[in-house]
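S.K.: Numbering (our numbering), first residue to last: 41 to 680.
(1) Can you give me the start and stop residues for the alpha helix (DSSP H) that residue 437 sits inside?
(2) Could you check where the beta strand (DSSP E) with residue 122 kicks off and where it finishes?
(3) Using a 10 Å radius around the Cβ and a threshold of 16 neighbouring Cβ atoms, would you call residue 509 buried or exposed?
(4) According to DSSP, which residues form a beta bridge with residue 322?
(5) Just reading off the alpha helix (DSSP H) that residue 598 is part of, what are its end residues?
(6) Nearest to residue 8 by CA position, among 645, 626, 542, is which residue?
(7) Run the CB neighbour count on residue 582, radius 10 Å, all protein chains shown included, and call it buried at 16 or more, exposed below.
(8) So does the stretch 553 to 565 actually touch the stretch 588 to 604, counting three or more Cβ pairs closer than 8 Å?
(9) Is it true that the CB of residue 507 sits closer than 7 Å to the CB of residue 318?
(10) Return the residue from the list 109, 224, 504 that minimises the CA-CA distance to residue 122.
(11) Check each candidate in 402, 379, 331 and name the one with the smallest Cα separation from residue 364.
(12) So if DSSP puts residue 132 in a beta bridge, which residue, or which two residues, is it bridged to?
(13) Which word fits residue 47, buried or exposed, when buried means at least 16 other C-beta atoms lie within 10 angstroms of its C-beta?
(14) Between the C-alpha atoms of residue 616 and residue 622, what's the straight-line distance to the nearest angstrom?
(15) Would you mind sorting residue 150 into buried or exposed? The rule is 16 or more other CB atoms within 10 Å of its CB.
(16) Can you tell me whether residue 210 is buried or exposed? The criterion is at least 16 other CB atoms within 10 Å of its CB, across all chains shown.
(17) Please state the DSSP three-state secondary structure of residue 462.
(18) So, helix, strand or coil for residue 316, using DSSP?
(19) Closest to residue 436 by CA distance: which of 174, 460, 420, 452 is it?
(20) Return helix, strand or coil for residue 562, following the three-state DSSP convention.
(21) Expressed to the nearest angstrom, what Euclidean distance is found between the alpha-carbon atoms of residue 371 and residue 589?
(22) Should residue 540 and residue 421 be called a contact, given that it needs their Cβ atoms to be closer than 7 Å?
(23) Just mark residue 601 as buried or exposed, buried being the case when its beta carbon has 16 or more other beta carbons within 10 Å.
(24) Output the distance between the C-alpha atoms of residue 79 and residue 470, rounded to the nearest integer angstrom.
(25) On the DSSP letters alone, give me the boundaries of the alpha helix (DSSP H) that residue 580 sits inside.
(26) Between the alpha carbons of residue 160 and residue 69, how many angstroms are there, rounded?
(27) What does the alpha-carbon distance come out to for the pair residue 243 and residue 186?
(28) Within this structure, are the beta carbons of residue 252 and residue 216 separated by less than 7 Å?
(29) Using alpha carbons as the reference points, say which of 344, 473, 285 lies closest to residue 381.
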């Protein structure tokens, strides 16, 4: 019996609680917006929002979002004023705070430390705004999103009362209800007296539905902006873009002036094929001078040169692991090659594997070579002009600071600017690697280059995607034009970092000789007859200049010149077996053919050195042409 009574009591409570729950559903009971259009084209808006709170979303109060950044029909950015005059709850002043959002302002009404009681509450927000009117040939217009389409709650009734300027009368009117873009007609005009128009919805608006109103009146009752004011608006609306454009222009002017002063290369001389490298110039030195810089292949060319001279041997095992081992001979080495020998080998270490466990030793050897080449050639054969590049970096920082200060959200803009600066540099580096890899493929340097090009391209894809996303996010916070300015500023810095490097007159003469030697190394068989008394092609000559061909990027073409010579030298006519192979190299690369052997040194061996020398883990209206959600105003809100 007791169980039966308890069950009946529970059922009764559940039945009678349902209407109560429905009554305490959080909603906007009434949304009334009263708009006063002033003769100076500004507006005073008084929004009275009556809500039912149940303590679920509306705990401390409500918030109201107000968009302040728009795109006009021509795509130009427009920023309107939003100035809160007064906020009340239940007729008394209420605490509030404003917070900048990506495209506007959010007003939080209430105290973060105070919970409001459940029930009905009446909020009133009074604010001023401007630049909300449209000016046409014969009339002026207000197209106003009364409620906004971003509310979390249903709106039982939405109303708008629009007061035109003194003396003005309504020419045309139109209203729309529904979700963003809808053209619903769920409204009635409740009054149109002289200069006042009233409109009211006749059904409950669902969450994310809204009411928009457009009304026009004859021109002449509102002051239209002068040309001077329009210019001021343009500057104010596009502060970030103008800051970026100013920085870009100043940077370009500076770099052009500096490039004309110190970055122009001396005129190139006549280039004639040379049958030997410039006197005293090592393979690594030749590459360093031609590139006016250092890279992994410079180091590779030096290692191969040391091997060809007999100082060390290169052994490739079945797992494609390379080992460098001293021969005990003491041939004449260049200054850079001597530096490598001191860093790689010692009294107790006569060989080293190209593995990451030895990355510190290999890195020291690379740095030693780089320093030796810099001491020997820089400022003598070319100038990097770094001191002229640093002011460009200063102008870049200034441009970014101006864009950050001019932004509506300086913290976010500053963070994404710094992130993009570093990320873009990485993307640029990867793009250069991809370009180099695919250029090698197109020049026919073999299957290893193709695999390398595919790998680096796939590896770079996420970085390119990150760049696009970062720029997209930056443009959403600022503008597309501002994002474009950032990209172009970065591009200018990267471009002139290379353009400011310039050979000296002595360096230009050395480069002319290197280019002449490169012509000889890369000449095709059918063009060989045009050479004047070229040296005989022998296996010894092939090996002697192979490090230079590798350094100058023509190892494949150099090997092709000797294909028939090396084939004859490598086969015993009696036994049909190989006799010739380089004394300084052992491994499977030579067995794949002479062209592939040269390619293997240029890509496989160079790649092994590059990988082994890196530490582990280093590797974004009124005429009926409108819709709900259109016009100025808008936004939405919710509880907090």
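We treat Cβ as the ideally placed atom computed from N, Cα and C, and that holds for glycine.
M.R.: This is what the structure gives:
(1) Per DSSP, residue 437 is one residue of the alpha helix (DSSP H) stretching across 426 to 446.
(2) Looking at the DSSP string, the run of the beta strand (DSSP E) that includes residue 122 is 122 to 129.
(3) Only exposed fits residue 509, as fewer than 16 other CB atoms lie within 10 angstroms of its CB.
(4) DSSP output for residue 322 lists no bridge partner at all.
(5) 595 to 601 is the extent of the alpha helix (DSSP H) around residue 598.
(6) Nothing about residue 8 can be reported from this structure: the residues present for the chain run from 41 to 680 only.
(7) A residue is called buried once 16 or more other Cβ atoms fall within 10 Å of its Cβ, and residue 582 is buried on that count.
(8) Proximity of the stretch 553 to 565 to the stretch 588 to 604 meets the contact definition, three or more beta-carbon pairs being nearer than 8 Å.
(9) Cβ atoms of residue 318 and residue 507: not closer than 7 Å.
(10) Across the set 109, 224, 504, the C-alpha of 109 shows the shortest separation from the C-alpha of residue 122.
(11) The shortest C-alpha separation from residue 364 is found at 402.
(12) Residue 132 is bridged to 129.
(13) In this predicted model, residue 47 has a pLDDT of only 48, less than 50, meaning its place in the structure is not dependable; the value taken from the coordinates is given anyway. Flag for residue 47 reads exposed.
(14) Residue placement at residue 616 is poorly supported in this model, since its pLDDT is 48, which falls under 50; the coordinates still yield a value, given next. Taking the CA atoms as reference points, residue 616 sits about 18 Å from residue 622.
(15) The residue in question, residue 150, is buried, as its Cβ has 16 or more Cβ neighbours within 10 Å.
(16) So residue 210 counts as buried.
(17) Helix at residue 462.
(18) Coil, per DSSP.
(19) Distances from the CA of residue 436 to each of 174, 460, 420, 452 were compared; the closest alpha carbon is that of 460.
(20) In this structure, residue 562 counts as helix in the three-state DSSP scheme.
(21) Linking residue 371 to residue 589 through their CA atoms gives a straight-line distance of about 21 Å.
(22) Result no, Cβ atoms of residue 540 and residue 421 do not sit closer than 7 Å.
(23) The residue in question, residue 601, is buried, as its Cβ has 16 or more Cβ neighbours within 10 Å.
(24) For residue 79 and residue 470, the distance between alpha carbons rounds to 58 Å.
(25) From DSSP, the alpha helix (DSSP H) with residue 580 extends over 579 to 591.
(26) When only Cα atoms are considered, residue 160 and residue 69 end up about 9 Å apart.
(27) Each residue's alpha carbon lies about 16 Å from the other.
(28) With respect to the 7 Å criterion, residue 252 and residue 216 are classified as neighbours on the basis of their beta carbons.
(29) Ranked by how close their Cα comes to the Cα of residue 381, the residues 344, 473, 285 have 344 in first place.
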